[in-house]
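Residue numbers (UniProt numbering): 1 to 308.
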């Protein structure tokens, strides 16, 4: 293998090329790399000269890669992943002084219910570390991981890529949240008769609970569908509406004393909350630290009084 070709290469240009392949847009690539658009355009011109190919052809608002660009990317991506791993092994990670930026994907039930205790602890252990949280669900996690928009995600998961790693954090116990306090939990008949708020990121008016009810020959009445859990406290207040949500999110909302959590009035299947990441960041010291803290504060096992 001729290593002399590597002397002509600029790793920064390779990173720009990878980002352009993922984003297919100079402006978005510049935003993702925190660079100016002219810098990306200049890098693209240098890449075209170095690789002796136009690489991208504008089609409408997108830049479609040439056949040679596709072939180069197929070989380059695993090489960049390996190089990133190799470089990460040369440095230690000290959370007390680190200024790293971590990009995390959280479903909004996790963000509301489980992120605050973690953040309070990490502000003490890693005061200069920056966390960028993106909304994820099981549909978005694979694409966001592959694009490098996040390095770790926590949500319900399915259909993960072959190079993904997954760790079960907890079993989700579906719960009911209501604003009218009662000494007795809702019966199945009362649950079906009450008006429901459904949280749906895809604007549906049916969800898991409707599937579970159908299995036992029952139905419920959803009168409102909203895209995120954080609006539930304001929506339920002063009404007879009820909402179904994960136990940890219900606990966080009920902590105010204005809403009340109770169990489902019928048996439900088990849902799992998992942490997923790609194998190329498995050995990175900073990512290992982050995953250990996510597991410590978001798993079912009790949170220790101090961070190890």
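Ideal Cβ placement from N, Cα and C applies to all residues, glycine included.
So what's residue i in DSSP terms, helix, strand or just coil?
i, result
"residue 278", "strand"
"residue 186", "coil"
"residue 169", "strand"
"residue 93", "coil"
"residue 161", "coil"
"residue 231", "helix"
"residue 206", "coil"
"residue 292", "helix"
"residue 240", "coil"
"residue 251", "helix"
"residue 215", "helix"
Alpha carbon to alpha carbon, how far is residue j from residue i? Give it in angstroms, no decimals.
i, j, result
"residue 83", "residue 283", "12 Å"
"residue 98", "residue 126", "7 Å"
"residue 60", "residue 77", "26 Å"
"residue 155", "residue 24", "27 Å"
"residue 222", "residue 205", "6 Å"
"residue 57", "residue 74", "18 Å"
"residue 211", "residue 143", "27 Å"
"residue 138", "residue 35", "30 Å"
"residue 26", "residue 55", "13 Å"
"residue 19", "residue 101", "18 Å"
"residue 291", "residue 147", "19 Å"
"residue 306", "residue 41", "Model confidence at residue 306 stands at a pLDDT of 40, short of 50, so the residue's coordinates are unreliable; what they give is reported in the following sentence. Looking at the two C-alpha atoms, the distance is approximately 48 Å."
"residue 29", "residue 220", "46 Å"
"residue 111", "residue 289", "19 Å"
"residue 285", "residue 299", "21 Å"
"residue 297", "residue 170", "11 Å"
"residue 33", "residue 11", "14 Å"
"residue 235", "residue 280", "43 Å"
"residue 136", "residue 153", "7 Å"
"residue 191", "residue 184", "12 Å"
"residue 157", "residue 274", "7 Å"
"residue 44", "residue 287", "30 Å"
"residue 262", "residue 62", "50 Å"
"residue 22", "residue 255", "42 Å"
"residue 124", "residue 295", "18 Å"
"residue 120", "residue 214", "41 Å"
"residue 37", "residue 278", "29 Å"
"residue 48", "residue 163", "30 Å"
"residue 207", "residue 50", "52 Å"
Cβ of residue i within 9 Å of Cβ of residue j?
i, j, result
"residue 360", "residue 209", "Residue 360 lies beyond the stretch modelled for the chain, which goes from 1 to 308, so this question has no answer here."
"residue 53", "residue 39", "no"
"residue 140", "residue 113", "no"
"residue 166", "residue 276", "yes"
"residue 122", "residue 133", "no"
"residue 179", "residue 257", "no"
"residue 313", "residue 227", "With the chain running from 1 to 308 in the structure shown, residue 313 is simply not present."
"residue 248", "residue 108", "no"
"residue 264", "residue 216", "no"
"residue 151", "residue 160", "no"
"residue 186", "residue 172", "no"
"residue 15", "residue 80", "yes"
"residue 272", "residue 168", "yes"
"residue 241", "residue 197", "yes"
"residue 244", "residue 225", "no"
"residue 17", "residue 69", "yes"
"residue 149", "residue 103", "yes"
Which partner residues does residue i have in the DSSP bridge list?
i, result
"residue 265", "According to DSSP, residue 265 bridges with nothing at all."
"residue 221", "195"
"residue 226", "199"
"residue 260", "178"
"residue 245", "175"
"residue 299", "In DSSP, residue 299 forms no bridge with anything."
"residue 272", "171"
"residue 155", "274"
Comparing the CB of residue i with every heavy atom of the ligand HEM, is any distance shorter than 8 Å?
i, result
"residue 231", "Inclusion of the ligand HEM in the displayed structure is not the case, the ligand content being empty and no account of it being possible."
Can you confirm whether residue i, when its beta carbon is compared against all beta carbons of chain C, has any partner nearer than 9 Å?
i, result
"residue 130", "Here there is only one protein chain, and chain C is not present."
Alpha helix (DSSP H) segments (min. 4 residues) lying fully within the region 98 to 152:
Assignment of alpha helix (DSSP H) within the region 98 to 152, counting only whole runs of 4 or more residues, yields 108 to 113, 115 to 125, 141 to 147 in chain order.
What runs of the beta strand (DSSP E), each 3 residues or longer, lie entirely inside the region 4 to 89?
Within the region 4 to 89, the complete beta strand (DSSP E) runs of at least 3 residues are 56 to 59, 62 to 65.
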